[in-house]
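Chains as they are written, first to last, in our numbering: chain A, 124 to 619; chain B, 124 to 619. Built from N, CA and C at the ideal position, the CB exists for glycine as well.
Protein chains: 2
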Amino acid sequence: MEQERAWDIATQWMGTLADLDGAAAVLEWDRETIMPPGGAEARGSQLATLAALRHSHLLDPAAGDALEVVADSDDPWRAASARVARRERDRAARVPEALVRSLTEASSRGVAVWSEARPKGDVQAWIGAITPLIALTRDHGEALADGGDPYDALIDLYEPGTTHAMLEPVLDSLAARVRPLVDHLAGAGGPPLPPGPWDDPAQMALAADVVRDIGFDATRGLVGRTAHPVTMGLGAGDTRLSTRVDVSDPLSSIMAALHEGGHALYDQGIPEERRRTLAGDAPSLGAHESQSRFWENHVGRTPEFWARLQPGLRQAFPGVAGALDTDDYVRALNRVQLQPIRVESDEVTYDLHIVLRTRLERALITGDLQVADLPLAFDDGMEALLGIRPTAPAEGAMQDVHWAAGIIGYFPTYTLGNLYAAMLAEALEREVGPIGDVLAAEGPAPLLAFLRERVHAHGRVMETPELMRRATGSDLTADPFLAHLERTYASTASLS
Amino acid sequence: MEQERAWDIATQWMGTLADLDGAAAVLEWDRETIMPPGGAEARGSQLATLAALRHSHLLDPAAGDALEVVADSDDPWRAASARVARRERDRAARVPEALVRSLTEASSRGVAVWSEARPKGDVQAWIGAITPLIALTRDHGEALADGGDPYDALIDLYEPGTTHAMLEPVLDSLAARVRPLVDHLAGAGGPPLPPGPWDDPAQMALAADVVRDIGFDATRGLVGRTAHPVTMGLGAGDTRLSTRVDVSDPLSSIMAALHEGGHALYDQGIPEERRRTLAGDAPSLGAHESQSRFWENHVGRTPEFWARLQPGLRQAFPGVAGALDTDDYVRALNRVQLQPIRVESDEVTYDLHIVLRTRLERALITGDLQVADLPLAFDDGMEALLGIRPTAPAEGAMQDVHWAAGIIGYFPTYTLGNLYAAMLAEALEREVGPIGDVLAAEGPAPLLAFLRERVHAHGRVMETPELMRRATGSDLTADPFLAHLERTYASTASLS
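Written as structure tokens, this is what we have:
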């Protein structure tokens, strides 16, 4: 088959995949934002039908020959599309349908049991539900690995191109070097902001202003509101992010908007004409998270960002914000406080929670750890890494939904995001200038321009390790992240 | 094949159709309410992909044998599902793919040309675009009719079970009897309401209150806002309607909410357990319109409805509504004023516009009328029926989008809705009591209960003529509608 004809067939096949993915995203966005409770069952059924149609379209044998030809293309975008297509088709073909069904059922049951057992601290119920699920997830990893390492195969679902062997030394060094920092910084930062109330509609409006200010194109997307902030690509030209509102704390809505805004800028930065191909996306979750963390942590924690936002804050909250200055926000934000819950932890300690989970979930897959021993291993591990011990099961191994949903190999992507964000920030500061100075002098535009050129513009042409190496000049390393922590929190500590 | 096994296969096949239809409805609802402009192209592509998947699923030969067996079921719901399935499959099989493609393209072009040509009064551009479209629509009717009458086949797309031969005498008698009424009532009714402003959010909140008051279950649906009011079923338990807001006129949002609320109550009244079958829907557009028109015209134009709404109006609009009493609303609403635009015309003259269009579009399909002669025929026909003559092309044959979109056979369903609504109202008054008295004494619940039992509960088990015959004891007739007009507008005239 000729290359051009093969590409025509492949693009048509990928276009249908893109349409099905976009349609599913519309259904999910609607569900998270406005769907009435009565619609839940029908919506689940619609999503399952779209997933089944996607699965059979993905495996359509008619596309196979064309994809083989496209894989040999000299055009890196075409070759990348064929590579991603082959990976997705191989994965779908390797996992028996019966296993997929068992996993789906066990995952639904796991989440349901977890929702009920966590508030009650019912460890036995939780163990009962996740034991078969972990076994099925191991089977899944083995089926995907096709003779290779099952945990690597699971990581590969979320972070293609990265293996546990690449991760482990970085996580170990990170753990060893963050721990003394924690001891030094614990208690750094200032008191929380006054409890307001901080007007709810004003917070939503300010969040939308913040994302537009950093470069979000509101004609090609929108800012909504959900219980859990999220970013979704609903198709080319329709990127949506959401925030949440806590009337006692405006940092929650603003930082969520910055975080999701980072994801959304990535989505909007993918070249429009690639969007209907399999190369027109981010190469991994870690790559995506690097963008959200960049804006959240390397921009959103600087005094210059808050100085820039100050007029907006005073206008939005004329009462409560009138008496606050920039440092009040920065210090409240950069408060370091050891505590057992991952999602509530600060920037300094966050990754220790991830190191713990990565070690434990790998041991679950290798069989070195049994689910029945997980709660104790979790508490012991937290004590060793953070120096604190959970006082209740809901603060320990049961705290996250991931394992109860059969999601293993996902946790490391959070830390990869943090490390890549810091590597990108360091490269940017080296080449463009200190982020705070750039913000003060020119606003966020040069920061976005750097990310657009180094990351967004490349879609999935390279795997993440290669993309980041070219963008930053370095292999995966924790050094820039540690330097960022020292700088940010040392200066914050000195403010307090 | 055994009946039970056949039914299992059929329900699975229909469930996938329901999921695809529901998913498409979610995509459309989102598009009409919040989609950013940049998303339009991707959304069109997603909807086209879902339509293509629906088409190939509809024609799936694997379902054929099972549907044949189900057609012989003694269960009327099952037999009705099989009947609708066969009709849809026959239609899809009869129309060549090339014709479908040509129609889609000509329809898109027709709408685009119409949008531009109408404001400019460019009759020639409009004729140029719709001439080939009408020819294709005739081909479509001929393909569907399979030897029968092409216009009947087109009507059948929207109003199965009703033919032009059934319609014509009713429309003729309606035209003959409305005309003298128009002469008598022209100018009846009171002045418009004061221009306010009538607060926008208060109008939205009041519209939602109105639909909940008539029985809409807000846990199984929601009330939104669109440029053109609409009702959509997004799946079992998720029925959505929208209204619009004109800050100078609250009647616009309230009457649109009542109209769409009537459609939504019908959708919510379909037995939940039938929703994933092809019998779990209304049997026709005319049947659906009978429900919207019932609440809009037979409830929403009564003094008792406005008396019931009076406290809500005074609370929502404390300034402007304070000085108004019930009669002010009723008289402003029931104003009779001859004018050439269908969508702006009053209840008395509305159906004369439909009679005109039905006569003309049938002549276009039979070939008795050429598109080039349509503008003059339209103006002459309006003068004969209403006694007024359009003064510009945009007031004449070009005013509606339907013909420019290749939609022929649809107009009669509006008048069928009005006639069936009046037939139902008459039956209800005979059996339950005068609507005004019921509203004043018990509120809207007994009215909804009557419609639920007579109409909603039956889904698509019967075709519309049979459904309405059983519900009202009568064949299609204009008598109750004319009696309603005489009563409503005579009393309004006496108020003025």
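**OP:** Between the Cα of Asp-503 of chain B and those of B:Tyr-537, B:Gly-358, B:Val-149 and B:Pro-463, spot the shortest distance and give me the residue it belongs to.
**Re:** B:Pro-463
**OP:** Enumerate in chain order the residues of its own chain whose CB-to-CB distance from Leu-618 of chain B is below 8 Å, with the five nearest sequence positions on each side excluded.
**Re:** Here Leu-618 of chain B scores only 41 on pLDDT, less than 50, and its place in the model should not be relied on; the value that follows carries that caveat. The answer, listed in chain order, is Gly-313, Asp-450, Val-453 and Arg-454.
Subject >> Ser-238 of chain B, DSSP secondary structure in three states >> reply: Three-state result, Ser-238 of chain B: helix.
Subject >> Per-residue DSSP class, three states only, for Arg-363 of chain B >> reply: strand
**OP:** Give the interface partners of Met-158 of chain B over in chain A, defined as CB-CB distance under 7 Å, in chain order.
**Re:** Asp-361
Original post:
Using a Cβ-Cβ distance under 8 Å, would Val-333 of chain B count as near chain A?
Top reply: no
Subject >> Buried versus exposed, by CB contacts within 10 Å (16 or more), Thr-342 of chain B >> reply: exposed
Subject >> Inter-stretch contact (C-beta, 8 Å, three-pair minimum) for the stretch 596–611 of chain A and the stretch 537–547 of chain A >> reply: When Cβ pairs closer than 8 Å are counted between the two stretches, the stretch 596–611 of chain A is seen to touch the stretch 537–547 of chain A, the count reaching three or more.
Original post:
Smallest Cα separation from Met-137 of chain A: which of A:Thr-536, A:Leu-150, A:Ala-163 and A:Glu-211?
Top reply: A:Glu-211
**OP:** Assuming Ala-165 of chain A contacts Gly-338 of chain B (C-beta within less than 8 Å), just tell me the rounded distance between them.
**Re:** No, Ala-165 of chain A and Gly-338 of chain B are not in contact; Cβ-Cβ is about 21 Å, not under 8 Å.
Subject >> Best match in B:Val-236, B:His-581, B:Pro-255 and B:Arg-241 for proximity to Ser-225 of chain B [C-alpha to C-alpha] >> reply: Answer by Cα proximity: B:Pro-255.
Subject >> Reference Ala-189 of chain A, options A:Thr-172, A:Arg-209, A:Val-223 and A:Arg-177, closest by Cα >> reply: A:Arg-209
Original post:
DSSP three-state call for Leu-345 of chain A: helix, strand or coil?
Top reply: Strand at Leu-345 of chain A.
**OP:** Have a look at B:Met-585, B:Glu-609, B:Ala-527 and B:Arg-583 and flag the residue whose alpha-carbon is nearest the alpha-carbon of Thr-227 of chain B.
**Re:** B:Ala-527
**OP:** Can you check DSSP and say which residues form a bridge with Gly-312 of chain A?
**Re:** Per DSSP, none; premise fails for Gly-312 of chain A.
Original post:
To which residues of the same chain is Gly-403 of chain B closer than 6 Å at the C-beta, ignoring the five residues directly before and after it?
Top reply: Close CB contacts of Gly-403 of chain B within its chain, under the 6 Å cut and outside five residues either way in sequence, are with Ile-393, Arg-397 and Gly-582 (chain order).
Subject >> Contiguous alpha helix (DSSP H) assignments of at least 4 residues, all confined to the stretch 422–457 of chain A >> reply: 426–439 and 449–456
**OP:** Quick one: using the 10 Å Cβ neighbour count with 16 as the cut-off for buried, is Asp-142 of chain B buried or exposed?
**Re:** buried
Original post:
Does DSSP put Thr-536 of chain B in a helix, a strand or coil?
Top reply: helix
Original post:
Regarding Pro-159 of chain A and the ligand SAM, is the C-beta to nearest heavy atom distance less than 7 Å?
Top reply: Looking at this structure, you won't find the ligand SAM or any other ligand, since it has none at all.
Subject >> Contact under 8 Å by Cβ, Leu-408 of chain A with Ala-387 of chain A >> reply: no
Subject >> Separation of Thr-538 of chain A from Glu-586 of chain A, as counted between CA atoms >> reply: 17 Å
Subject >> Residues bridged to Gly-356 of chain B [DSSP beta-bridge criterion] >> reply: B:Thr-362
Subject >> Proximity test, Cβ basis, 8 Å: Gly-310 of chain A and chain B >> reply: It does not; no Cβ of chain B falls within 8 Å.
Original post:
Excluding the five sequence neighbours on either side, which residues of its own chain have a C-beta within less than 6 Å of the C-beta of Ile-477 of chain A, listed in chain order?
Top reply: Phe-534, Tyr-537 and Thr-538
Subject >> CB-CB length for Pro-567 of chain B against Val-334 of chain B, believed under 8 Å >> reply: Taking the Cβ atoms as the reference, Pro-567 of chain B lies roughly 10 Å from Val-334 of chain B, outside the contact range of under 8 Å.
Subject >> With 16 other Cβ atoms within 10 Å as the buried cut-off, status of Val-494 of chain A >> reply: Buried: at least 16 other Cβ atoms inside 10 Å.
Subject >> Neighbour flag for Glu-164 of chain B against chain A, beta carbons, 8 Å >> reply: So yes, Glu-164 of chain B belongs to the interface.
Subject >> Where Phe-339 of chain B falls: helix, strand or coil (DSSP) >> reply: coil
**OP:** Starting from the Cα of Arg-610 of chain B, find the closest Cα among B:Ala-215, B:Ala-311 and B:Pro-242 and give me that residue.
**Re:** B:Ala-311
Original post:
Going along chain A in order, which residues have a C-beta closer than 9 Å to the C-beta of Ala-402 of chain B?
Top reply: Going along chain A, no residue has its Cβ under 9 Å from Ala-402 of chain B, so there is no contact; the nearest lies around 17 Å.
Original post:
Roughly how many whole angstroms lie between the Cα atoms of Ala-185 of chain B and Ile-132 of chain B?
Top reply: 9 Å
Original post:
Skipping 5 residues on each side, what residues in its chain have a beta carbon closer than 7 Å to that of Val-149 of chain B?
Top reply: Here the set comprises Leu-357.
**OP:** Kindly indicate if chain A contains any beta-carbon less than 8 Å away from that of Ala-174 of chain B.
**Re:** no
Original post:
Mind checking whether Pro-159 of chain B and Leu-571 of chain A have CB atoms under 8 Å apart?
Top reply: no
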